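Accompanying notes for the structure given below.
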Amino acid sequence: MSWNFEEITLTAQNEIQSASDLKTLEDLRIKYLGRKGLLAEIYAGLSQLSVEEKPLVGKGANILRNTVTALIEQKYKDLEEKEKSQSSAKQIIDVTLPGVGVSMGHEHVLNQIVDEICEVFEALGFVIHEGPEVETEFNNFTALNIPIDHPSRDAFDTFYLETPDPERPGRYFLLRSHTSPGQIRVMEKFQPPLAVVIPGKVYRPDAVDASHSFMFHQIEGLLIDKDIQFSHLKGLLSAFCKRFFGEKIQMRFRPHFFPFTEPSAEVDISCYICDGKGCSVCGRKGWLEIMGCGMVHPKVFEAVKYPKGKYTGLAFGMGVERMAMLRYGIDDIRMFYENDVRFLRQL
Amino acid sequence: MKLPYLWLKDYVPLNVSIEKLAHRLTMAGLEVEKIEEVDGEAVLELEITPNRPDCLNMVGLAREVSAIFNKDLKFPKAGLTRWPSQKVDVKVEDPQGCPRYIATLIRNVNIAPAPEPMQRRLQSVGLRPINNLVDITNFCLMEQGQPLHAFDYDKLIGGKIIVRRAHQGEEITTLDGIRRVLDPSILVIADERRAVAVAGIIGGEGTQVTEKTKNILLESAYFDPILIRRAARRLGISTDSSYRFERGVDAEGVERVAIRATVLIKDLAEGKVEARRDVAVGKEKKAKKEISIRNAQVNALLGANVSVSQSRQVLQKLGFRVSTEDKDKLVAEPPSFRGDVRREVDLIEEIARVIGYDALPMDMPLVKGTTTVSSSRFHRRSRIRQALCSQGCYEVVTYALINSSVLEKCGLKGHRFVRVQNPLTQEQEILRPSMLPSLLNVVGLNVRRGEKNLRIFEIGKVYAPLGERETLGMIFSGQQKEDWRNPTRIDVDFYDLKGSVEAVLSMLGSDGLTWVSTDLPFFVVGQGAQIYRKDRPVGILGRISPDILKAWDIKQDKVIFAQVDLEDLLGEERHREYHPIPAYPSVVRDVSLAIKKDIPFQRLKDLAFQEGSHLLTEIRFLEQYEGEKISSDERGLVFSLVYQSSQRTLTDEEVNQVHEKICQSLVTRFGARIR
Chain A
1 MSWNFEEITL TAQNEIQSAS DLKTLEDLRI KYLGRKGLLA EIYAGLSQLS VEEKPLVGKG
61 ANILRNTVTA LIEQKYKDLE EKEKSQSSAK QIIDVTLPGV GVSMGHEHVL NQIVDEICEV
121 FEALGFVIHE GPEVETEFNN FTALNIPIDH PSRDAFDTFY LETPDPERPG RYFLLRSHTS
181 PGQIRVMEKF QPPLAVVIPG KVYRPDAVDA SHSFMFHQIE GLLIDKDIQF SHLKGLLSAF
241 CKRFFGEKIQ MRFRPHFFPF TEPSAEVDIS CYICDGKGCS VCGRKGWLEI MGCGMVHPKV
301 FEAVKYPKGK YTGLAFGMGV ERMAMLRYGI DDIRMFYEND VRFLRQL
Chain B
348 MKLPYLWLKD YVPLNVSIEK LAHRLTMAGL EVEKIEEVDG EAVLELEITP NRPDCLNMVG
408 LAREVSAIFN KDLKFPKAGL TRWPSQKVDV KVEDPQGCPR YIATLIRNVN IAPAPEPMQR
468 RLQSVGLRPI NNLVDITNFC LMEQGQPLHA FDYDKLIGGK IIVRRAHQGE EITTLDGIRR
528 VLDPSILVIA DERRAVAVAG IIGGEGTQVT EKTKNILLES AYFDPILIRR AARRLGISTD
588 SSYRFERGVD AEGVERVAIR ATVLIKDLAE GKVEARRDVA VGKEKKAKKE ISIRNAQVNA
648 LLGANVSVSQ SRQVLQKLGF RVSTEDKDKL VAEPPSFRGD VRREVDLIEE IARVIGYDAL
708 PMDMPLVKGT TTVSSSRFHR RSRIRQALCS QGCYEVVTYA LINSSVLEKC GLKGHRFVRV
768 QNPLTQEQEI LRPSMLPSLL NVVGLNVRRG EKNLRIFEIG KVYAPLGERE TLGMIFSGQQ
828 KEDWRNPTRI DVDFYDLKGS VEAVLSMLGS DGLTWVSTDL PFFVVGQGAQ IYRKDRPVGI
888 LGRISPDILK AWDIKQDKVI FAQVDLEDLL GEERHREYHP IPAYPSVVRD VSLAIKKDIP
948 FQRLKDLAFQ EGSHLLTEIR FLEQYEGEKI SSDERGLVFS LVYQSSQRTL TDEEVNQVHE
1008 KICQSLVTRF GARIR
């Protein structure tokens, strides 16, 4: 049998060119190149040909195969390209519609501040330790050199519980009125060197208004070693204030009285509203009181039975609500405990 | 405490601006709260800390100023008086409560207005001039801090003073016109028949000095600070007098000021001193209280470079008697009015504050690590909070003190709780035994304000008589997460919150949890669960019953609450270890069955694992169906059983055999029908 390769090539070319989709093209591929396709048939017939015909037909078949293969490949690419562009035209999406998924919640602003303050001190080498809220009178007062029936207790008005302290007849448990009993717990358990911060809730029977709450948060710090000095207190707390309030903040250490530190100081920062000129937020003083601090009183070391004269230490304490109010300009402490989600969401 | 600049200048020659004075006082620990003007004169308002009763008067403040500005202090002259030999009848029955009592009887006083300058002085510190007698006692109080009291002598029955404890139920009408009932914890000044003053706190109406008074008895005394403090608190009064006595007046001032006042009365009210009595108990001379101060120690504690002479100068100006022991050591004897100075550190503070903290050096400490204390509990808690927030939850912080009546409102009646002895209001009367009331309160507030889709949590304490426990409380309410691709609005339910709780617990490495259907008073019947971990209850989860929601005025259908005890979990180290990743493929076979509604899935799982030998490695829940295609007491469940071996590829026959066995057991044991 003889083949008109020219005509076959032409037909194949026409058919392939006019294929409108990948399915038709695949059919054509099978028709020409498939196992039972035309080329297979041509090759199968080769054996019956004469010695003269064989190379001619064989050569023609090879050319045909290469041509058809190339045509199909080219057409395949074209069709694929076409389909891709067609299908993507169908699937244009509106990228401006809102994303779906979890909207982030919010950590309470007070805990964010606690975390932030603790992080600063952790970076300085402190560890975080937490004590219980229900405390003994000894830890909350006696060990901290705050005698019963002393006017210095007025600053620490305290909620007493109806639960008697089994170890101290006649005395009752209380809700700690400051985080300082946490110092006592740490010192009773561990020997210096110590560098701890103690965050937590504290309670005082204060009538609730825009600036008072019967529950609030404090962070206490304690650093004890053989050679801790007052100059360190100034250095450490300056470093903290600059980190927390910004490099530009002005600070001052003002002598004050706390029964558990000697010397004692209060730390003021320049008012962030008026830059120290005096305004209603700072009560025209130009300064905002932000924490109390001092060198640990020897009586406190005695109470926890540290060897006499061996150690010195510094301690400081600050109110978390006040820090948050100053940082974010919140003017009512009750906002923190109301938990209106529109408030929580903002910070 | 008010400090008029003009009055101050009577004792210290000072010529600095009022602002400078205010600044230096503040920086020496006497914080100036504000500067006022009274009659054109500047008056400083000072906050005096409770350790410094000696600064509650002009002379004391002048002493501070003299030290700060290194000026000399001019002490007011007491004047001289010759005491008559005649004695006033004074009996001190409680010598501990009143170690010193000086009574002076002055006859024929001329009650009239005090001279102008004295009146102005009093007005400048906010006191109203009354008459020369009262004004003199007030003036002396303000000048030197010793409270005085003048009785109308003719009204003292028996002409006698007895210092004693009040009788139970004894009454007195005090100068403020209030009738007060006393008891033996209160010290009184009495005459022969009755209490005429509450010692150290307030005088009685019956013996007060009036325009008609002719003869007066002047009291200058020292009363025990604790006794006065307790009595003042008990009676609910605080006076200029009690304020000073409870902080401690200068024991040496009792006599000095008695003289000062007597001289003034003689001069200004033309009185004649007729009799006197000085009762001093425990007259034995107090041992001299000397405190050594080493200069090396001063500088070691302050990290400064203060010289011995600097220290000496400061202490001397403050009224300490200072002697030099050697070139590095001073010995200081505190004055009688400085009971707060007892130790070397107290002296160091005096030196530091007068020099000024701002003048002292600043330095960073070397912080040595503390390996024994661990922050891990704090950080674990922080991670949980962050994880919950990533799931879209809002963290809340609520009061730990609540009103006990809300327990009933929560179906928590009969719960054991801890009561507060001294709440200010009922809202603070107990420590919360559960997170439920606090969180319902937050939900109610937000729903009423229009925020209805709520996912809130708090990690805080709940309190039982045996102690406080750190607890996670959560409430989900409102719609599931919004998805505009699927606009059907579905409310959150039990399983949404269960998923969050499981996520938290898995962060803490808490596997082996079991959930047991449990009816609790505040949950909808059949929609509450108790969570067990290693057979110990660790929490509850369920849908809050409509009754409770109604009681809280929460107009929301589904409110799902969970509470998980974290106290132990936060403290546990999470145990983890590596298991080789399976090398052979798993085979998954789905099971679809119909089963009685009251049989929990957990029991099917337990049975499957029991029957599945070691080949069944996992059960994945796929679907629950309840509805028309199934009888009403049944539900359809679809789940996958995953078979896998770590040794080899499982053959179909092996798997079929085990799978068949499991299905068979489910059918025979629970009456399940394979669908």
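As they're listed, the protein sequences go chains A and B.
So the first sequence is numbered by my numbering: it starts at 1 and just counts up by one.
So the second sequence is numbered by my numbering: it starts at 348 and just counts up by one.
Ideal placement from N, C-alpha and C gives every residue a C-beta, glycine not left out.
All of these numbers come straight from a predicted model, not from anything done at the bench.
Mind listing the chain B neighbours of residue i? Cutoff is C-beta to C-beta under 7 Å, in chain order.
i                 : result
Arg252 of chain A : Asp705
His212 of chain A : In chain order: nothing, as chain B lies at least about 11 Å away.
Going by other Cβ atoms of all chains shown within 10 Å of its Cβ, with 16 needed for buried, is residue i buried or exposed?
i                 : result
Trp831 of chain B : exposed
Pro572 of chain B : buried
Arg890 of chain B : buried
Ser785 of chain B : buried
Met709 of chain B : buried
Thr451 of chain B : buried
Phe968 of chain B : exposed
Pro932 of chain B : exposed
Arg816 of chain B : exposed
Glu220 of chain A : buried
Val872 of chain B : exposed
Glu566 of chain B : buried
What first and last residue would you give for the beta strand (DSSP E) that runs through residue i?
i                 : result
Thr872 of chain B : Thr is not the amino acid found at residue 872 of chain B; the sequence shown has Val there. It spans 870-880 - the beta strand (DSSP E) in which Val872 of chain B sits, taken as one unbroken run.
Met854 of chain B : No beta strand (DSSP E) holds Met854 of chain B; the alpha helix (DSSP H) holding it covers 841-854.
Leu350 of chain B : 349-351
Val120 of chain A : Run containing Val120 of chain A: none in the beta strand (DSSP E); it sits in the alpha helix (DSSP H), 109-123.
Pro884 of chain B : 883-891
Ile508 of chain B : 507-512
Phe216 of chain A : 215-225
Arg447 of chain B : 447-454
Pro431 of chain B : Careful: Pro431 of chain B lies outside any beta strand (DSSP E) and carries neither H nor E.
Among the options, which has the Cα closest to the Cα of residue i?
i                  : options                                 : result
Lys234 of chain A  : A:Gly294, A:Ala195, A:His178, A:Val196  : A:Gly294
Ile895 of chain B  : B:Glu392, B:Phe870, B:Gly820            : B:Phe870
Val701 of chain B  : B:Ser723, B:Lys418, B:Ser978, B:Pro884  : B:Lys418
Thr1015 of chain B : B:Thr998, B:Glu958, B:Ser993, B:Glu1001 : B:Glu958
Asn1003 of chain B : B:His514, B:Leu391, B:Tyr990, B:Gln994  : B:Tyr990
Ala195 of chain A  : A:Phe214, A:Asp331, A:Gly125            : A:Gly125
Glu7 of chain A    : A:Thr96, A:Ile198, A:Ala19, A:Gly60     : A:Gly60
Ala955 of chain B  : B:Leu1013, B:Ala941, B:Pro947           : B:Leu1013
Pro255 of chain A  : B:Thr996, B:Lys976, B:Val379            : B:Val379
Asp268 of chain A  : A:Phe260, A:Pro259, A:Lys242            : A:Lys242
Asp625 of chain B  : B:Arg668, B:Ala747, B:Asp436, B:Asn800  : B:Asp436
What does DSSP give as the partner residues of residue i in its beta bridges?
i                  : result
Tyr172 of chain A  : A:Pro164
Leu1013 of chain B : According to DSSP, Leu1013 of chain B bridges with nothing at all.
Cys271 of chain A  : For Cys271 of chain A, which the question treats as bridged, DSSP gives no partner whatsoever.
Ser737 of chain B  : Paired residue(s): none; Ser737 of chain B is not in a bridge.
Gln644 of chain B  : According to DSSP, Gln644 of chain B bridges with nothing at all.
Gln1004 of chain B : Answer is none; Gln1004 of chain B lacks a bridge partner.
Val767 of chain B  : A:Leu161
His256 of chain A  : A:Ser264
Asp838 of chain B  : B:Gln826
Lys381 of chain B  : B:Glu392
Can you pull the chain A neighbours of residue i, defined as C-beta to C-beta under 8 Å?
i                 : result
Gly376 of chain B : Arg254, Pro255, His256, Phe257
Over what stretch of residues does the alpha helix (DSSP H) that includes residue i continue unbroken?
i                 : result
Gly286 of chain A : Looking at the DSSP string, Gly286 of chain A is not in any alpha helix (DSSP H), and its letter there is neither H nor E.
Met465 of chain B : 463-471
Gln994 of chain B : Element bounds for Gln994 of chain B: n/a, residue is neither H nor E.
Gly182 of chain A : 181-189
List the residues of chain A whose Cβ lies closer than 9 Å to the Cβ of residue i, in chain order.
i                 : result
Tyr741 of chain B : Gly105, His106, Glu107, His108, Asn339, Val341, Leu344, Arg345
Tyr746 of chain B : Ser213, Phe214, Met215, Tyr337
Which residues in chain E have a C-beta closer than 8 Å to the C-beta of residue i? List them in chain order.
i                 : result
Met782 of chain B : The chain labelled as chain E is not found among the protein chains of the depicted structure, namely A and B.
I want to verify the contact list: residues of chain B whose CB lies under 8 Å from the CB of residue i, in sequence order.
i                 : result
Ser270 of chain A : Those do not exist, as Ser270 of chain A stays about 13 Å from chain B at its closest Cβ, beyond 8 Å.
Leu326 of chain A : The premise fails here: Leu326 of chain A is roughly 18 Å from chain B at the closest Cβ pair, so nothing lies under 8 Å.
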